[in-house]
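Undergrad: Number 184 in the numbering used here belongs to position 184 of the sequence shown; there are no gaps in the numbering.
C-beta atoms are modelled at their ideal positions from N, C-alpha and C, and glycine is treated no differently.
My questions will all concern the structure given below.
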Amino acid sequence: MSRYDLLGVEAQLFEQYPALADRHEKAARAGSEHIRGLIERSDATRGGDADAFAEHVASIQRSALASYAASVRGIVSVEDMVRWVRTRDALRLSAYDSLLREVDAPGAASLLDALEAVHDSGDASGGQATLDQALAAVADRCTCGYASTRNLPKRTCYVCAQAVTAVWDAEEQRVLLRLPALREAVDGVLDALVDRLAEIKLDPATEWSVVEHEQRKARHRLTRLNRAARGEIFDEMLTNWRELATAASHDSRPIARSVAKGAKRSGLGTARLSAIALPGNALVESRAKKRAQQR
Ligand SMILES: [Zn+2]
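Written out as structure tokens, the structure reads:
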């Protein structure tokens, strides 16, 4: 059992119970607004207490989960509830996920992810910044120490993880500009993955393991492409990219972390893959919406 299984069960329940999906969307929207507000406030009071910030985030998450749980009571059948609880209880939850133990509410794991996923705002690095600049911009909000000390903690905090992801993706695009053939092939693989994930999203019968399978397949394709382009890729082209991949492998988001951990093998394209693989990726969402309209 992995966290993916729980997210998979939830995805099926959202399809099955539109009311559940509706409450989830509302809770995710309200919760992320709170977190954004908190980030803006701590921006205004530069140099605010890092521990207090982390505590604030946790308390926003806790109250969002509690009111979500209250709002979805009675929506799913007893059997589906039991299935969700069993899947959750079979997981070894990290400290980050421990909040899930406090509520019996299908959708809670996805909600927790949504409240974590501030990655779409893209304001941290402006896309083209260096890691130094991106980290300097978030140093006053960093709660893990990485932004100021550059010592990688076991898990980077939100703002550091987002800064790293954004800079890693930008660096990868920069390197690929010098490798047009590889870039085209990588674009092809990742575009096909977005297509496939959008298709899966629209099919309620799909098991979450299919999503994992598609991600693995894309990873293998990237590995082959990078291997074939070995002769054109010089070590020094990858110095920054590798440093960023290492930092990304300390991401607190389990999916992003596991993709980044394989970066050495899967090579160029992995930074973008790690963003596409995150639940709720904007590209996949909009592709799914387009597909749904064309039906
Ligand atoms: Zn940090």
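#1: Hey, would you say the C-beta of residue 181 is under 7 angstroms away from at least one heavy atom of ligand 2?
#2: My assumption, with CB atoms under 8 angstroms, is that residue 61 sits in contact with residue 20. Please give the rounded CB distance.
#3: Would the segment 260-270 and the segment 206-213 be scored as touching if the rule is three or more Cβ pairs under 8 angstroms?
#4: Quick one, which of 153, 174 and 71 has its alpha-carbon nearest residue 103's?
#5: What residue range is occupied by the uninterrupted alpha helix (DSSP H) comprising residue 180?
#6: Note the first and the last residue of the continuous alpha helix (DSSP H) segment covering residue 165.
#7: Say whether the segment 74-92 touches the segment 25-40, bearing in mind that this needs 3 or more beta-carbon pairs closer than 8 angstroms, one atom from each stretch.
#8: Need the endpoints of the alpha helix (DSSP H) that residue 82 sits in, please.
#9: Are there any heavy atoms of ligand 1 lying less than 7 angstroms away from the beta-carbon of residue 229, as far as the coordinates show?
#10: If you measure between the beta carbons of residue 135 and residue 170, is that distance less than 8 angstroms?
#11: Go ahead and label residue 290 buried or exposed: buried means 16 or more other beta carbons lie within 10 angstroms of its beta carbon, across all protein chains shown.
#12: Can you say whether residue 234 is buried or exposed, counting buried as having 16 or more other CB atoms within 10 angstroms of its CB?
#13: Given the structure, does residue 68 come close to ligand 1, in the sense that its CB is under 7 angstroms from one of the ligand's heavy atoms?
#14: Taking C-beta to C-beta, are residue 273 and residue 190 nearer than 8 angstroms?
#15: Write down the C-beta distance between residue 24 and residue 110 rounded to the nearest angstrom, noting that I regard them as a contact closer than 8 angstroms.
#16: Please confirm whether any heavy atom of ligand 1 lies closer than 7 angstroms to the CB of residue 247.
#17: Between residue 164 and ligand 1, is the CB less than 7 angstroms from at least one heavy atom?
#18: DSSP state of residue 285, grouped into three classes?
#19: Thinking C-beta only, is residue 64 closer than 8 angstroms to residue 31?
#20: Residue 270 lies in the alpha helix (DSSP H); which residues open and close that run?
#21: Going along the chain, which residues of its own chain have a beta-carbon closer than 8 angstroms to the beta-carbon of residue 152, five neighbours each way excluded?
#22: In angstroms with no decimal places, state the Cα-to-Cα distance between residue 220 and residue 6.
TA: On the basis of the data shown:
#1: Ligand 2 is absent from the structure shown, which contains only ligand 1.
#2: Not a contact, Cβ separation roughly 19 angstroms.
#3: no
#4: 71
#5: 180-201
#6: 158-177
#7: no
#8: 78-89
#9: no
#10: no
#11: exposed
#12: exposed
#13: no
#14: yes
#15: 6 angstroms
#16: no
#17: no
#18: helix
#19: yes
#20: 270-277
#21: 146, 246, 247 and 250
#22: 25 angstroms
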